[in-house]
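*Asks:* Each residue of the sequence shown is one higher than the one before, starting from 1 at the first, in full-length UniProt numbering. No residue lacks a Cβ here, since even glycine has one placed at the ideal position from N, Cα and C. Since this is a predicted model, take the numbers as computed values, not measurements.
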Amino acid sequence: MIDESFGGNVSRVQGSPQYQLNTSWTAVIKDCYDKLVYLANQYDPRYAQGIFQDAIGELYFLTRKLATRSQCPVVFEGLSGAPIPEGFAVQDLSGRTWRTNGTYNIGSNGKVTITVTCDEAGAVEALPNSIVVIPTSINGLDRVYNEDSAVMGYDEENRVDFEVRRKESVAINSKMTDSATLGAVLAVRDVVDAYVISNPTDATVTVGSTNYPLIRNSICVSVVGGNDYDVAKAAFIKAGTGCSWNGNTDVTVIAEDYPSNPPQYPIKILRPDFLDIWVKVIVKDKDAISYTIEQEVINHILTSAASGENKVRIGKDFIPADYICGMPKIGLKGVVASTDNATWLNEIPIGIDQYPSLNSFRISIEES
């Protein structure tokens, strides 16, 4: 085509003016076609990204989640019956502030375990016995401490995680289904993960690796993160009022469609226990691995566990071998995991009342 437009005999010698002109035009045309292909792909939810993915999400009334905050179960000790208000602040040894997600009362044993959320968004770590500071005293509270490490938050929802949530939210506009309830709960602000299952039978059944009991004709909403009331309200709207509820957290949801004397509904949600996970990367020669490579391996595992197909989730078995792909060359012999840093397994079953907790302090590289 170019040869004809110039009347023929166009020089094909590299470096000639005609050659340079043809090369530039070819690059411009290729770039134009590449952009057209890119634009066409943005209308496919599997490949969309950025503002195009945001637009597809709007079709499902979904918006990309901002960075989530780390959470940690903290033991509050003091006088039996003493109230701990929602939003009460405690601090870790690094000076970061953590706040309670609801209102609680210290139990008859002088203790109550409350999940607190870090004010700082993102992957904030907190070791055991590091959240111990009470900046503002309240009557009846003597001390606070965390027996377990914090479950780290995530950065702003990325392309892969947003697409996974979209797939799990296609039923969000319906009601009375587990899928609709799951989609609604996942959309609640600061929710990290959720799992919804119901029992339509007339007998109590057990589910998952921990044999968690579901009473007859009931639903169970297991969720990490988010405000108790917001989560319960989302579950109530989608799951309806005719079923029973399972869980360890009681919330009273007030109907909003009444001008006066609105009915109140007792709702239960399940706040899963944080299950500490240790990961051991077994290599042939540890001395051959530099500190930089070691940190790269640890960061790879943490990143993979925080996002994408291998993200840790409620009720999803933890398989450490899933994180092998993408590791640098280290003479790898295997990857195993443990819940007690003593018994090492190739797979750890996770119940619907458990959420895997992983941090850099519990990932090691060992020689074997």
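#1: Cα separation between L186 and W25?
#2: Can you tell me whether DSSP reads R99 as helix, strand or coil?
#3: Candidates I51, I131, A55, K329: which alpha carbon is nearest V283's?
#4: If S149 sits next to S357, beta carbons under 8 Å apart, how far is it from one beta carbon to the other, in whole angstroms?
#5: What do you reckon, are the CB atoms on F236 and V253 nearer than 8 Å?
#6: Can you give, in chain order, each stretch of the alpha helix (DSSP H) that sits fully within the region 318-357 and has at least 4 residues?
#7: Do the CB positions of V281 and G247 come within less than 8 Å of each other?
#8: If you count every other CB in all the chains shown that lies within 10 Å of the CB of I138, and 16 or more means buried, which is it?
#9: With H, G and I counted as helix, E and B as strand and the rest as coil, what does DSSP make of A55?
#10: Could you say which of I363, A194, G95 lies nearest to E294 if we only look at CA atoms?
#11: Using a Cβ-Cβ cutoff of less than 6 Å, which residues in the same chain neighbour L79 once the five nearest sequence positions on both sides are dropped?
#12: For E367, which option in N346, Q14, E296, V335 has the closest C-alpha, if you only look at C-alpha atoms?
#13: Using a Cβ-Cβ cutoff of less than 7 Å, which residues in the same chain neighbour M327 once the five nearest sequence positions on both sides are dropped?
#14: DSSP on I293, reduced to helix/strand/coil?
#15: With burial defined as no fewer than 16 other Cβ atoms inside 10 Å of the residue's Cβ, what is the status of G315: buried or exposed?
#16: What whole-angstrom Cβ distance do I56 and A82 have, given they're in contact under 8 Å?
#17: Counting only beta-carbon atoms, is G240 nearer than 8 Å to chain C?
*Replies:* Put simply:
#1: 49 Å
#2: Reduced to three states, the DSSP call for R99 is strand.
#3: K329
#4: With 8 Å as the limit, S149 and S357 qualify as a contact, their Cβ atoms being about 6 Å apart.
#5: yes
#6: Runs found: none.
#7: no
#8: exposed
#9: The answer is helix: DSSP assigns A55 an H, G or I state.
#10: I363
#11: G140
#12: When each option's Cα is compared against that of E367, the closest is V335.
#13: V297, H300
#14: helix
#15: buried
#16: 49 Å between Cβ atoms; not a contact.
#17: Within the model displayed, chain C is absent; a lone protein chain is all it includes.
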